[in-house]
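J.: Line order of the protein sequences matches chains A and B.
Numbering of the first sequence is given in numbering that gives the first Met the number 0, commencing with residue 0 and proceeding in unit increments.
Numbering of the second sequence is given in numbering that gives the first Met the number 0, commencing with residue 0 and proceeding in unit increments.
Number of protein chains: 2
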Amino acid sequence: MPRPNPPVSRARPCDTCPHRSTSLCNFLLDGAGGSATQIWQEHKTARSRQILYRAGTHLEHVLVLCEGWAHRFVSLSGGHRMILSFLLPGDMMTATAPFSDRISSSIQMVTAGRYCLLRRVDVLQTLSGTDSALTGWGQHIKTQQENLEQQLVDIGRRSAEERIARLVLRIVQRLEQHESQSKREFSFPLTQQHIADATGLTPIHVSRTLNVFRQKEIMSLSHSFLAIHNMRMLHHIADMEPPADD
Amino acid sequence: MPRPNPPVSRARPCDTCPHRSTSLCNFLLDGAGGSATQIWQEHKTARSRQILYRAGTHLEHVLVLCEGWAHRFVSLSGGHRMILSFLLPGDMMTATAPFSDRISSSIQMVTAGRYCLLRRVDVLQTLSGTDSALTGWGQHIKTQQENLEQQLVDIGRRSAEERIARLVLRIVQRLEQHESQSKREFSFPLTQQHIADATGLTPIHVSRTLNVFRQKEIMSLSHSFLAIHNMRMLHHIADMEPPADD
DNA sequence: CGTCACCTTGAAATTAGTCAATGGACGTGG
DNA sequence: CCACGTCCATTGACTAATTTCAAGGTGACG
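#1: Along the region 142-158 of chain B, where does the CB come closer than 7 angstroms to a CB of chain A? Name the residues.
#2: Using a cut-off of 8 angstroms between C-beta atoms, extract the partners of Pro97 (chain A) located in chain B.
#3: On the CB-based measure, 16 or more other CB atoms within 10 Å of its CB, does Thr190 (chain A) come out buried or exposed?
#4: Over what stretch of residues does the alpha helix (DSSP H) that includes Val122 (chain B) continue unbroken?
#5: How many Å lie between His204 (chain B) and Ala243 (chain A) at the Cα?
#6: Under 7 angstroms between beta-carbons, which chain B residues line up against Leu83 (chain A)? List them in chain order, please.
#7: Can you check which of these residues, B:Gln144, B:Leu83, B:Glu161 and B:Gly155, is closest to Ala159 (chain A) by C-alpha distance?
#8: So is Thr129 (chain A) buried or exposed if we call it buried at 16+ other beta carbons inside 10 Å?
#9: Taking 7 angstroms as the cut-off, decide whether the C-beta atoms of Arg71 (chain A) and Ser84 (chain A) are in contact.
#10: Runs of 4 residues minimum, wholly inside the region 162-241 of chain A: which ones carry the alpha helix (DSSP H) assignment?
#11: So Ile140 (chain A) contacts chain B; which residues on that side make the cut at Cβ distance below 7 angstroms?
#12: Determine, for Gly267 (chain B), whether the minimum Cβ-Cβ distance to residues of chain A falls below 7 angstroms.
#13: Identify which residue in B:Leu151, B:Met91, B:Ile236 and B:Thr125 has its Cα closest to the Cα of Ala197 (chain B).
#14: For Asp130 (chain A), would you say it is in contact with chain B, using Cβ-to-Cβ distances shorter than 7 angstroms as the test?
#15: Quick check: Ile140 (chain B) and Ala69 (chain B), are their CB atoms within less than 7 angstroms of each other?
#16: What did DSSP end up calling Thr317 (chain B) once you bin it into helix, strand or coil?
#17: Does chain A have any CB closer than 7 angstroms to the CB of Leu75 (chain B)?
#18: State buried or exposed for Val211 (chain A), treating a residue as buried only when at least 16 other CB atoms are found within 10 Å of its CB.
#19: Answer yes or no: do Ala261 (chain A) and Thr125 (chain A) have a C-beta to C-beta separation smaller than 7 angstroms?
#20: Can you grab the Cα-Cα spacing for the pair Thr208 (chain B) / Ile163 (chain A), in whole Å?
#21: For Gly55 (chain B) and Glu145 (chain A), I'd like the C-alpha separation in whole angstroms.
#22: Between A:Leu64, A:His79, A:Arg46 and A:His42, which lies nearest to Gly199 (chain A) when the distance is taken from Cα to Cα?
#23: Taking buried to mean at least 16 other C-beta atoms within 10 Å of its own C-beta, is Ser104 (chain B) buried or exposed?
#24: Chain B partners of Asp247 (chain A), CB-CB under 9 angstroms?
#25: Would you mind telling me which residues of chain A sit closer than 9 angstroms to Leu133 (chain B), beta carbon to beta carbon, in chain order?
#26: Tell me the DSSP secondary structure of Val152 (chain A) in three-state form.
#27: List, in order along the chain, the chain A residues whose C-beta lies closer than 8 angstroms to that of Ser105 (chain B)?
#28: For Pro202 (chain B), which residues in the same chain have their Cβ closer than 7 angstroms to its Cβ, ignoring the five residues on either side in sequence?
#29: Can you give me the C-alpha to C-alpha distance between Asp238 (chain A) and Gln138 (chain B), rounded to a whole angstrom?
#30: Determine the burial state of Phe98 (chain A): buried for a count of at least 16 other Cβ atoms within 10 Å of its Cβ, exposed for fewer.
Right, dumping it as structure tokens:
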């Protein structure tokens, strides 16, 4: 395996990505050490609503979302669709990919965006060779699994209002992590169909529920824009702890 | 890394466990190599319905179930309960534990049983030092995540009949993996409350649905005993591929 | 023989889904 | 600038699935 001295000053592709500051990417870049110039395979752009990969497909890469929103989903024989998770910039789209060459869920863009590919064998090698990469990845997997479990609880045992309130709050919290300050207004590109498919409801019922929130002046979502008017009440409906600073 | 000839004949605790043959445990024992006598910390017995650990608790061990059935669950403020997964002999009860000292779901026995504890730092060291252990564990994590995602789809987008049929079939398939032959009758210790909490239904509705299955002579579940009378029909209801040998 | 956990059944209430029609926003091409 | 198509959101009336409430039954076990 030839390893000619890489030109040190050459920028690695993701150094310019908005997500570069997230720990998720750092542990891979840092772990890869000298071979870091190699691990980033390629960048690709994607249109809104484009399906990047379909469940069951062969896939030799780990995908990281750089710009835009996306989601992982499964479609059923009856034509129904279930969204398993939403993906925001910086998210690993295929967290278990290092250990399998088959993808078990489909991936679709919500907005237009950009993502990059890492060869899964390279990632696997980095994980097995670097303790910090392994623990970083382990934490990420753990978080992701806890999110799935939370959703399972929400969909299994909570009302429509609770589900929607929790979905929105969880996304808002993720958005704020990157911004490191709390906001009340967001660009929010999910359609009511997206929300329905993520909460196990019908879009009609999502529409009605959002209307209730709007009329109670809790939050209003329209035209890809979300405004939270009563954060405390929203947390109360979601059965979540309100933030300390409010 | 010293590898003194270990006393070959000395039995390790889990060598006598019924689950010892599962790959899940092998990758840890094999990976641990010479230190394998150390990694198995301790065995404990548990009574039926005993709660082993509560969500949010500090936990320095990875738990492996040796005998009996158990489940991981979360309880809500309203008194509701959601079961995230059922655990059968040989299952790792805390798969992400190597990377965290806090457990995010509670664990409760369904039947009486026995389990063993592995220090999580030992497991982590094995994972980072042994490629086969890492890939084995990665596969396991991936399977577990896919199961969670399947449940999410089931609960979000399927009817009560489908959910129950799928839950039963998935458990039956796991039971058959160990037995390596397909059966039609099983000892099945889950109560209707368990099934309800795992499918997001009420026990009343589970009772009615099981009655429908009984009257249609598809399967009958009573007194901790499950008999499948029409495997093909059960697969059809579950929207799953029927087994080839039937 | 009583108790406890578990299961069953019926009737009423509620939540969420289905069907169907309408309207708004936005981009595209004439 | 307008006409058109497409995607998205809304509304009402109706229906279906599931929950809730309440009561009673069964089986195991000390």
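By construction, the Cβ of each residue, glycine as well, lies at the ideal position given by its N, Cα and C atoms.
In this text the structure is predicted, and so the values were computed from the model without any measurement.
T.: Answer, in terms of the structure:
#1: Gln144, Glu145, Leu147, Glu148, Gln150, Leu151, Val152, Ile154, Gly155 and Arg156
#2: Against the first sequence, residue 97 (chain A) aligns to sequence position 98. Ordered by position in chain B, the residues that pass the 8 angstroms Cβ test against Pro97 (chain A) are Gly137.
#3: On the first sequence, residue 190 (chain A) is found 191 positions in, with the first residue counted as 1. By the 10 Å Cβ count, Thr190 (chain A) comes out exposed.
#4: Translated into the one-based positions of the second sequence, residue 122 (chain B) becomes position 123. Arg119 to Gly128 is the span of the alpha helix (DSSP H), which, as asked, contains Val122 (chain B).
#5: Here the question's residue 204 (chain B) lines up with position 205 in the second sequence. Here the question's residue 243 (chain A) lines up with position 244 in the first sequence. Approximately 41 angstroms between the Cα atoms of the pair.
#6: Here residue 83 (chain A) refers to the residue found at position 84 of the first sequence. Under the 7 angstroms cutoff, chain B gives Glu148 and Leu151.
#7: Taking the first sequence and counting its residues from 1, the one referred to as residue 159 (chain A) is at position 160. For Ala159 (chain A), the nearest C-alpha among the options comes from B:Gly155.
#8: Position 130 of the first sequence, counted from the first residue, corresponds to residue 129 (chain A). So Thr129 (chain A) ends up on the buried side.
#9: Here residue 71 (chain A) corresponds to residue number 72 of the first sequence, with the count starting at 1. Here residue 84 (chain A) corresponds to residue number 85 of the first sequence, with the count starting at 1. Yes, they are a contact pair.
#10: 191-198, 202-214 and 230-237
#11: Taking the first residue of the first sequence as position 1, residue 140 (chain A) is located at position 141. The contacting residues are Thr95 and Ile140.
#12: Outside the displayed range of chain B (0 to 245) lies residue 267 (chain B), so it cannot be described from this structure.
#13: Start at 1 with the first residue of the second sequence, and residue 197 (chain B) comes out as number 198. Closest option to Ala197 (chain B), Cα to Cα, is B:Leu151.
#14: Counting from one through the first sequence, the residue named residue 130 (chain A) turns up at place 131. Taking Cβ atoms only, chain B reaches closer than 7 angstroms to Asp130 (chain A), which makes this a yes.
#15: Along the second sequence, one-based indexing puts residue 140 (chain B) at 141. Along the second sequence, one-based indexing puts residue 69 (chain B) at 70. No, they are not a contact pair.
#16: Only positions 0 to 245 of chain B appear in the structure, and residue 317 (chain B) is not among them; the question remains open.
#17: For this step, residue 75 (chain B) is matched to residue 76 along the second sequence. Yes, Leu75 (chain B) lies at the interface with chain A (some Cβ there is under 7 angstroms from its Cβ).
#18: If you number the first sequence from 1, residue 211 (chain A) lands on position 212. In summary, Val211 (chain A) is exposed, with fewer than 16 beta-carbon neighbours lying within 10 Å of its beta-carbon over all protein chains present.
#19: Examination of residue 261 (chain A) is not possible in this model, given that chain A is present from 0 through 245 alone.
#20: Locating residue 208 (chain B) in the second sequence gives position 209, counting from the first residue. Locating residue 163 (chain A) in the first sequence gives position 164, counting from the first residue. Near 29 angstroms, if we compare the C-alpha coordinates of Ile163 (chain A) and Thr208 (chain B).
#21: Within the second sequence, residue 55 (chain B) is the residue found at index 56, counting from 1. Within the first sequence, residue 145 (chain A) is the residue found at index 146, counting from 1. Their Cα atoms are separated by approximately 12 angstroms.
#22: Translated into the one-based positions of the first sequence, residue 199 (chain A) becomes position 200. Selected option, being the one with the closest Cα: A:His79.
#23: The residue you call residue 104 (chain B) lines up with position 105 of the second sequence. By the neighbour-count rule (16 or more Cβ atoms within 10 Å), Ser104 (chain B) is buried.
#24: Past the edges of chain A, shown from 0 to 245, lies residue 247 (chain A), and the structure says nothing about it.
#25: Your numbering for residue 133 (chain B) matches position 134 in the second sequence. Simply Phe98, Leu123, Leu126, Ser127 and Leu133.
#26: Locating residue 152 (chain A) in the first sequence gives position 153, where the first residue counts as 1. DSSP places Val152 (chain A) in helix when its eight states are reduced to three.
#27: If you number the second sequence from 1, residue 105 (chain B) lands on position 106. The contacting residues do not exist; Ser105 (chain B) stays about 12 angstroms from chain A at best.
#28: Within the second sequence, the letter at position 203 stands for residue 202 (chain B). The residues are Gln191, Gln192 and Ala195.
#29: The residue labelled residue 238 (chain A) in the question sits at position 239 within the first sequence. The residue labelled residue 138 (chain B) in the question sits at position 139 within the second sequence. One C-alpha to the other measures close to 35 angstroms.
#30: In the first sequence, residue 98 (chain A) corresponds to position 99, counting from 1. Per the 10 Å Cβ criterion, buried.
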